[in-house]
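Asker: Structure in structure tokens, see below.
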Amino acid sequence: MAAVAGPEEPEPGGSFRRYLARLGALRPQPGVERPDGGRRTELHLLFDQLISESCGPAPAAGPNPQDVCALLVQACQLVHLDQEHLVSKVCQLIHHLLNRFQVMVDEQNLNFLLSYCISALKQCSSWTHVEILQALAALVYNNGPKCQKYLPDLLGKTGLLVQFSDSAQPDVELRRAAVRSMANLCLSVPGQPYLDESYRSVCFQTFLSVLQSSKTSDVDDITFCMLLQNALKGIQSLLNGGKMKLMQTDQIGSLLAVLKKCMFHGLPGLSIEMPAALYPAPLPQYDKRSPVKQEQSEPAAFKQTGNRRKKSKGKQKKGEFGEEGREDLGDAGNESVLGANMLKLHLGDVQSSPCLDPRTRASDVAYVPVGKDHLSSHYTSWKRISSSESEYSDAEGGIQSKMRSYQANVRQGALACFLSAIKSIEKRVLYGYWSAFVPDAPGIGSPQSVSLMTIALKDPSPKTRACALQVLSAILEGSKQFLSVAEDANDHKRAFTPFSVTIASSIRELHRCLLLALVAESSSQTLTQIVKCLANLVSNAPYSRLKPGLLTRVWNQIKPYICHKDVNVRVSSLTLLGAIVSVQAPLPEVQLLLQQPSSSGLNNSGSATPHRFNSSEQWRKALPSEGEPPDNPAGCASSEPCWLLRLCVSIIVLPREDSCSDSDANFPSFSSVYEPCPLRLESLQVLALLVKGYFSMAQSYFLELGEVACRCMEEMDPSIQLHGAKLLEELGTGVLQQYKPDSAVAPDQRVPVSVVVTFWTMMLNGPLPGTLQNSPHATLQTSACDALSSILPEAFCSLQNDQQILCVTLLLGLNHSENPLVKAAAARALGVYILFSCLRQDVMFVADTANAILNSLHDKSPNVRAKAAWSLGNLTDTLIINMETMGQSFQEEFSDLLLLKMLRSATEASKDRDKVKSNAVRALGNVLHFLQPYHIANPRFREAIEESLQALISTVQSEATMKVRWNACYALGNVFKNPALPLGEAPWTTQAYSALSSVVKSCKNFKVRIKSAMALSIPSKRECYGSTEQFCQIWSALVVALQKSEDTEDFLEFKYSASLRTQICQALLHLLSLAKSTDLPVIWETITEDGDTIKSYVLQYLKSGVEESEAGMHTDLCERERVLKGAIEHLSGIEKELEGKARVRVSVFLEDVLTNHANATELTEA
């Protein structure tokens, strides 16, 4: 069975071959008599040697896994189940060898060995069971899917593991071994089927009952810790591997209760009693706490304030894991889950400044409200008792240290399990348990409730503190909606505390505790987690509804950490600053912080920034500017630039001073003259966020920031280039926002067009064209494309001709890229450029762009097609603008063939998915509006026109998204504007009016109804509405729509009901002003039946017109009255002709409405 040896056999493999040979010699040979006792003695000696060898120092190269499996199988074949001492030894051998050499047993050998172990458990005495279960645990580790046929024996109703792990089991070692085997069975193997639901449920209940059990006096502390650890690993495997979704309230409540209990297991100075289950509640649940232990630990704890962290660091690795071998792998797995595999970049001190010991800034944190001083003594009381101050002997001290290490492992296991549970529970369900895990400000005289922050502040193990912070971060992630109810801006004086105030209080307490933890922390890894947790809190808290001041404290306290010796701390500190400038921007509090001089808030610890940043002009000298920046409207003087902006630019462009760092050898990419790459990338992201949220602050340094973007795009590192392009896009977008028609920024406060022209000239003469052609990096090309599309139209038109041509040529070229990301960005950019006034009148450019867009509209990527459809919509908008401004000349120059191609492509795209369809129908409406009589008469166009109209009509009636139907109604309105189309005569007219009439009455979405009513009011002649029957159907549909204008199941639609009534009233008056004598009987019949309803709505419509006029929304004060008078005049004339033939008095009805309106207006004015 032994494998063939390689050319150079390593020693362990050789020795294994010898053991195999010795085992083979012990097999009973036919015809050879051998005393059984002698063979048994030899087996004992052989197993002892093997166990001894497997426990010795690790060999350079392990034996062949096949040899290990062969040896174990032979050993089991030689040992009968009645030889219990040998069975015990062979199981120890399985346990040691598989763990030591990390051997994965193949399926054939696994079947034999598992059968052997299960038979041994059934037949052998109980004293052997622990060793057998340890062997079983090693065998099933990562082999769960191969053990399916043994699961009934192990996990069935009377399964061996279920029996041995039962809470009634008196032998704790046996129970622990069974739970460990069960936990190993629950490990998932990628690509393999997982445990059946019934077995999962059995395992979950078993683990839960283990965690709910209490330690009895006869159980050793360390054994109990290992039992809890195994159960926690089992639950974590079920949650992670089994993708278990926790849905039932009792299941969630029970799990969270035991996790909370285990989170505090063995935490010095704290003892909590947890209920069997937690229940979701909006108010805090108070935890019972044993005050006796707390008081006992206080005297020693007060002496420990200074050296707590140092001691814990030294003892962290001693006895770190409960068991060797396979169990160690479980811990290593947790470590990766908990983020302990972070990049440890210690790049040396940036400067030897007092600010490098953030703990000296503790005085900055002293903003604890008066009356809460008792809390600080509470916190101190939990500090760890040093063994040097205890009465233990050295041996006892060693045991205590080992026990503390095992207890810390339980706490870490519980937190790792909690992290997995968070991913398995719906967020809205999870937040019902918010008060059980997140601190709230204590009431007067009551103690602080224990929470995750208790661990983060007081646990002696830095790794456990980091785990707690990671769990808190996971809870905070995505909590924006839950926290949005918080409000404490107004002091409430009520008999009860509103939920909004409770949540606000919790947010404040989180800020306070995290800032306390920040100052007290010495471990760089944990410090990174604190700052990340703060960033998550800042990103989700509704500061606009809270009293100002929270962000100021965070801002002032994070400043010293920008120059921390650990790169991860510096990077996460910048992330936090980025969160501050992006949350609900622009916030007045942040605006003030950005205007502060760089030295403010730093008196206690010297400058917050390395001394190379201290010269306010040094970073500017590194950036030769092509023009003076405009005055800063936000009031930040150019002599004292924004601190954050200056810091980020310095990190990005200035060389670092400590050019010889110990870590450079490990990270070759960092051995450049600049700061480490992660730090520079984060600075670029913060700059982009600052420009996006506070452009008025950043615009004073507009050209300098452009220079920073240029420099980044000139570098070799693609990630730096990418973020340089993103910064460029944000700068371009900031200017575009200022020049929007509805912008609140005064013209003299905007970045002057001349400066914008200088800026883009610098970009186009710099690295931007090269970046756009950098084909190996598609993401970079995409970002550069987006940046180029953010150019201000007025600035583009002022660029030199060759630069305009360069931009257009690059974009048209990129539209043929094979990468869908690049192609989509180029298609979108062309859609932006087609609206520029200096380009849209160029027929050649419009034609080239049309061809490029139509090419992208047939791409296989849905994203490319969606962007191309949007651009086609813009291009057809341009056709209409040109038709109205340039007249016949543009229409004649534009290719008929291209127009036909556009019509057919848009019709085809209208059958695509909704994202494409919504813009395709917009394009169809524009093209059909643009067509001239000679196009419509052309036989080649006839079929395409018919198909496109049918596509629009079917889209209006379809079950597509509301945006698609809204655009389709709008498009039909555009079609009705073209006098060359045979409106009222062609068969499609009836279908179009029927579709719009149906939608205006019954569509759930009011915006779709508004657009259909608008479309119905567009035809300018009575003939366009077709027969009397058709005209009367439209009239009746609009009257019904008016009556139903307040009927909706969706409350959100009510805000559009006034606009809908306005639009329907306009349409009704428009129809009345065109009505023929044959139409009047039906109109009069409707007025007779529903006259009061129509009258009240028309009066409301006239009244709102006066109000809008007074508010300056309409220049013509009497527009609505004028339309009504026009309708009265038109109808009076027709009715005079009908006198004696029919008693129709529609004009009288309208005159009555007008009189009522005039009287109401006079009363209001009086």
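For the sequence shown, position 104 matches number 121 in our numbering, and the numbering has no gaps at all. We treat Cβ as the ideally placed atom computed from N, Cα and C, and that holds for glycine.
Please state whether the Cβ-Cβ distance between ALA867 and LEU915 is less than 8 Å.
Answerer: As a working mapping, residue 867 is identified with position 850 in the sequence shown. As a working mapping, residue 915 is identified with position 898 in the sequence shown. Yes, they are a contact pair.
Asker: Look up ASP123 in the DSSP assignment and say whether it is helix, strand or coil.
Answerer: Numbered from its first residue, the sequence shown carries residue 123 at position 106. Reduced to three states, the DSSP call for ASP123 is coil.
Asker: Verify whether the separation of the beta carbon atoms of LEU110 and LEU153 is less than 8 Å.
Answerer: Taking the first residue of the sequence shown as 1, we reach residue 110 at position 93. Taking the first residue of the sequence shown as 1, we reach residue 153 at position 136. No, these two residues do not count as a Cβ contact at 8 Å.
Asker: What is the DSSP secondary structure of ASN995, reduced to helix, strand or coil?
Answerer: Translated into the one-based positions of the sequence shown, residue 995 becomes position 978. ASN995: coil per DSSP, three-state reduction.
Asker: Buried or exposed, going by whether 16 or more other CB atoms sit within 10 Å of the CB of MET199?
Answerer: Sequence index remark: in the sequence shown, residue 199 carries index 182 (1-based). Buried: at least 16 other Cβ atoms inside 10 Å.
Asker: Rounding to the nearest angstrom, what Cα-Cα distance links PHE776 and PRO837 in this structure?
Answerer: As a position in the sequence shown, residue 776 is number 759, starting the count at 1. As a position in the sequence shown, residue 837 is number 820, starting the count at 1. If you take the alpha carbons of PHE776 and PRO837, they lie about 29 Å apart.
Asker: Can a CB atom of chain D be found closer than 8 Å to the CB of ALA801?
Answerer: Any reference to chain D falls outside this structure, which holds one protein chain only.
Asker: For my contact list, LEU486 and ALA473 are in at a C-beta cut-off of 8 Å; report their separation, rounded to the angstrom.
Answerer: Here residue 486 corresponds to residue number 469 of the sequence shown, with the count starting at 1. Here residue 473 corresponds to residue number 456 of the sequence shown, with the count starting at 1. Indeed they touch by this definition, with Cβ atoms about 5 Å apart.
Asker: If we require 4 or more residues per run, which alpha helix (DSSP H) segments fall completely within the stretch 465–510?
Answerer: Here the runs fully enclosed are 469–475, 479–493, 497–500.
Asker: For the alpha helix (DSSP H) that contains PHE813, what are its first and last residues?
Answerer: Start at 1 with the first residue of the sequence shown, and residue 813 comes out as number 796. Per DSSP, PHE813 belongs to the alpha helix (DSSP H) from 810–815.
Asker: Look at the Cβ atom of LEU989, then the Cβ atom of ALA961, and state whether they are nearer than 8 Å.
Answerer: Numbered from 1 along the sequence shown, position 972 holds the residue referred to as residue 989. Numbered from 1 along the sequence shown, position 944 holds the residue referred to as residue 961. No; because the gap between Cβ atoms is not below 8 Å, this pair is not in contact.
Asker: Which residue comes first and which comes last in the alpha helix (DSSP H) that contains PRO786?
Answerer: Indexing the sequence shown from 1 puts residue 786 at position 769. Per DSSP, PRO786 belongs to the alpha helix (DSSP H) from 785–789.
Asker: Within 10 Å of its beta-carbon, does SER1164 have 16 or more other beta-carbons around it, so buried, or fewer, so exposed?
Answerer: In the sequence shown, the residue the question calls residue 1164 occupies position 1147. Classification of SER1164: buried, given that the 10 Å Cβ count is 16 or more.
Asker: At what residues does the alpha helix (DSSP H) containing VAL555 begin and finish?
Answerer: For this step, residue 555 is matched to residue 538 along the sequence shown. First-last of the alpha helix (DSSP H) with VAL555: 541–557.
Asker: If you reduce the DSSP assignment to three classes, tell me which class SER1034 lands in.
Answerer: Position 1017 of the sequence shown, counted from the start, is the residue given in the question as residue 1034. Residue state, collapsed to three classes: coil.
Asker: Given this structure, state the Cα-to-Cα distance separating SER815 from PHE853, to the nearest angstrom.
Answerer: Mapped onto the sequence shown, residue 815 falls at position 798. Mapped onto the sequence shown, residue 853 falls at position 836. Rounded to whole angstroms, SER815 to PHE853 spans 12 Å at the Cα level.
Asker: Among residues of its own chain, excluding the 5 on either side of LEU255, which ones have a beta-carbon nearer than 7 Å to its beta-carbon?
Answerer: The sequence position of residue 255 within the sequence shown is 238, counting from 1. Only CYS203, ARG217, CYS220, PHE221, MET261 meet the Cβ criterion.
Asker: Measuring CB to CB, does SER589 end up less than 8 Å from ALA552?
Answerer: As a working mapping, residue 589 is identified with position 572 in the sequence shown. As a working mapping, residue 552 is identified with position 535 in the sequence shown. Yes, these two residues count as a Cβ contact at 8 Å.
Asker: Ignoring anything shorter than 4 residues, give me the alpha helix (DSSP H) runs that lie fully in the stretch 909–993, in order along the chain.
Answerer: Within the stretch 909–993, the complete alpha helix (DSSP H) runs of at least 4 residues are 913–926, 931–947, 950–954, 956–974, 979–993.
Asker: Let me confirm a value: THR799 is counted as buried when at least 16 other C-beta atoms fall within 10 Å, else exposed. Which label applies?
Answerer: For the purposes of this step, residue 799 is identified with residue 782 of the sequence shown, where counting begins at 1. That one is buried.
Asker: I'd like the list of long-range same chain contacts for TYR691, defined as Cβ closer than 7 Å, with 5 residues on each side in sequence excluded.
Answerer: As a first step, residue 691 is located in the sequence shown; it is residue number 674 there, counting from the start. Excluding sequence neighbours, TYR691 sits near PRO672, ARG673, ARG697.
Asker: What are the boundary residues of the alpha helix (DSSP H) that ALA87 is part of?
Answerer: Indexing the sequence shown from 1 puts residue 87 at position 70. 82–95 is the span of the alpha helix (DSSP H), which, as asked, contains ALA87.
Asker: Take the Cβ of PHE848 as the centre, count every other Cβ of all protein chains shown within 10 Å, and call the residue buried at 16 or more, exposed below.
Answerer: Counted from its first residue, the sequence shown places residue 848 at position 831. For the sequence presented, residue 848 should be read as Gly rather than Phe. Buried.
Asker: Can you tell me whether ASP819 is buried or exposed, with buried defined as 16 or more other CB within 10 angstroms of its CB?
Answerer: Position 802 of the sequence shown, counted from the first residue, corresponds to residue 819. ASP819 is exposed by the Cβ-count criterion.
Asker: Determine, using beta carbons only, whether VAL860 and GLU910 come nearer to each other than 8 Å.
Answerer: For the purposes of this step, residue 860 is taken as residue 843 along the sequence shown, with counting starting at 1. For the purposes of this step, residue 910 is taken as residue 893 along the sequence shown, with counting starting at 1. Going by C-beta atoms, VAL860 is nearer than 8 Å to GLU910.
Asker: Counting only the same chain and skipping the five closest in sequence on each side, list residues whose C-beta sits under 8 Å from that of ALA1075.
Answerer: For the purposes of this step, residue 1075 is identified with residue 1058 of the sequence shown, where counting begins at 1. These residues qualify, in order along the chain: SER1121.
Asker: Rounded to a whole number of angstroms, what is the C-alpha to C-alpha distance between ILE575 and LEU436?
Answerer: As a working note, residue 575 is residue 558 in the sequence shown. As a working note, residue 436 is residue 419 in the sequence shown. So the alpha carbons of these two residues sit roughly 26 Å apart.
Asker: Name the residue from PHE862, ILE524, ILE1027 whose alpha carbon lies nearest to the alpha carbon of ALA985.
Answerer: Your numbering for residue 985 matches position 968 in the sequence shown. Of PHE862, ILE524, ILE1027, the residue nearest in Cα terms is ILE1027.
Asker: For LEU191, which of LEU212, THR175, GLN151 has the nearest alpha-carbon?
Answerer: By one-based count along the sequence shown, residue 191 stands at place 174. Of the candidates LEU212, THR175, GLN151, the one whose C-alpha sits nearest the C-alpha of LEU191 is GLN151.
Asker: Taking the C-alpha atoms as reference points, what is the distance between GLY749 and LEU720?
Answerer: Numbered from 1 along the sequence shown, position 732 holds the residue referred to as residue 749. Numbered from 1 along the sequence shown, position 703 holds the residue referred to as residue 720. The straight-line gap from Cα to Cα measures roughly 11 Å.
Asker: Please identify the residue among ALA1003, VAL1057, GLN100 whose C-alpha is closest to the C-alpha of VAL1016.
Answerer: Residue 1016 sits at position 999 when you count from the first residue of the sequence shown. For VAL1016, the nearest C-alpha among the options comes from VAL1057.
Asker: Thinking just about the alpha-carbon of each residue, which of GLY751, GLN119, ALA137 is nearest to the one in LEU93?
Answerer: Counting from one through the sequence shown, the residue named residue 93 turns up at place 76. A quick correction: the sequence has Cys, not Leu, at residue 93. With distances taken between Cα atoms, CYS93 lies closest to ALA137.
Asker: Counting C-beta neighbours from all protein chains within 10 Å, is the total for ILE851 16 or more, i.e. buried, or is it exposed?
Answerer: The residue you call residue 851 lines up with position 834 of the sequence shown. Counting Cβ neighbours within 10 Å, ILE851 comes out buried, since at least 16 surround it.
Asker: Throw me the rounded Cβ distance for the LEU89 and ARG57 pair, which I believe falls under 8 Å.
Answerer: The residue labelled residue 89 in the question sits at position 72 within the sequence shown. The residue labelled residue 57 in the question sits at position 40 within the sequence shown. The Cβ separation is near 18 Å, so there is no contact.
Asker: With DSSP as the reference, label GLU538 as helix, strand or coil.
Answerer: To locate residue 538, count along the sequence shown from 1; it is residue 521. Correct three-state label for GLU538: coil.
Asker: Once DSSP output is grouped into helix, strand and coil, what is the label at SER437?
Answerer: Numbered from 1 along the sequence shown, position 420 holds the residue referred to as residue 437. Residue state, collapsed to three classes: helix.
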